[in-house]
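Asks:
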Amino acid sequence: MAATAYQTYVARKRNSRGSPRKMQLAAALIRGKAVQEASDILDYSITKSSRILNKLLGAAIANAEQSNADVDSLHIAEVRVNKGMVLKRFKASGRGRVRANCHRYTHIDLLLEDRSAPLAAEVKEKKPAAAEDKPAAEDKE
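Numbering (our numbering), first residue to last: 57 to 197.
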């Protein structure tokens with residue numbers, strides 16, 4: 057069964073300061089939700105990750121509005137949170153040792169889909185079966 061294709065709108069943020077592990081927790085709250093509901097959830101969440109995601113959601117909505125999309129029919133199709141660069145600093149520790157402080161960065165991709173009108177599905181023509189290509193064996197008498 058083929059999945060229905062919808063018009064998608066994308067917003068990306070690269071090298072956002074924050075741990076991907078913590079950003080993933082905020083992203084899990086909004087996956088699959090309607091845009092207005094996701095915005096409300098992120099507004100009332102108190103984490104730094106939710107503030108970053110809410111700003112990115114606003115950018116994705118603005119991208120959709122540029123294409124004259126209906127904002128009320130937008131849903132979050134996908135939120136990808138990946139590791140970005142790691143900035144390493146070193147801190148002196150006891151007994152002459154050194155500890156690494158890793159400042160992690162995150163890549164975030166947010167995809168919205170407009171569920172009001174699905175895209176027209178492409179119809180693929182069937183190839184003729186191998187049996188139909190070959191001529192039928194004639195009876196030998």
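The beta-carbon is built from N, C-alpha and C at its ideal position, and this holds for glycine as well.
In this structure, how does DSSP classify G140 when only helix, strand and coil are distinguished?
Replies: If DSSP states are grouped into helix, strand and coil, G140 belongs with the strands.
Asks: Just to confirm, are P76 and R160 a CB contact at a threshold of 9 Å?
Replies: Yes, Cβ-Cβ distance for P76 and R160 is below 9 Å.
Asks: CB A67 to CB A116, shorter than 9 Å?
Replies: Yes; because the gap between Cβ atoms is below 9 Å, this pair is in contact.
Asks: Which residue from V137, D170 and L175 puts its Cα closest to that of N119?
Replies: With distances taken between Cα atoms, N119 lies closest to D170.
Asks: Taking C-alpha atoms, which residue in L166, K182 and T60 lies nearest to K89?
Replies: With distances taken between Cα atoms, K89 lies closest to L166.
Asks: Along the chain, where does the alpha helix (DSSP H) that runs through I25 open and close?
Replies: Summary: the structure shown does not reach residue 25, with the chain confined to residues 57 through 197, and so no result is reported for it.
Asks: Quick check on DSSP: helix, strand or coil for R70?
Replies: Of the three classes helix, strand and coil, the one that applies to R70 here is strand, per DSSP.
Asks: Among V142, A176 and N71, which residue has its Cα nearest to the Cα of Y62?
Replies: That would be A176, whose Cα lies nearest to the Cα of Y62.
Asks: Give the straight-line distance between the Cα atoms of M57 and A148, rounded to the nearest whole angstrom.
Replies: Bear in mind that the predicted position of M57 carries a pLDDT of just 46, short of 50, making it unreliable; the figure below should be weighed with that in mind. Whole-angstrom Cα-Cα distance: 59 Å.
Asks: Once the 5 residues before and after K104 are set aside, which same chain residues still bring their CB inside 7 Å of it?
Replies: Excluding positions up to five away in sequence, the list reads G74.
Asks: Specify, as a first and last residue, the run of the beta strand (DSSP E) that L175 falls within.
Replies: First-last for L175: undefined, no H or E at that position.
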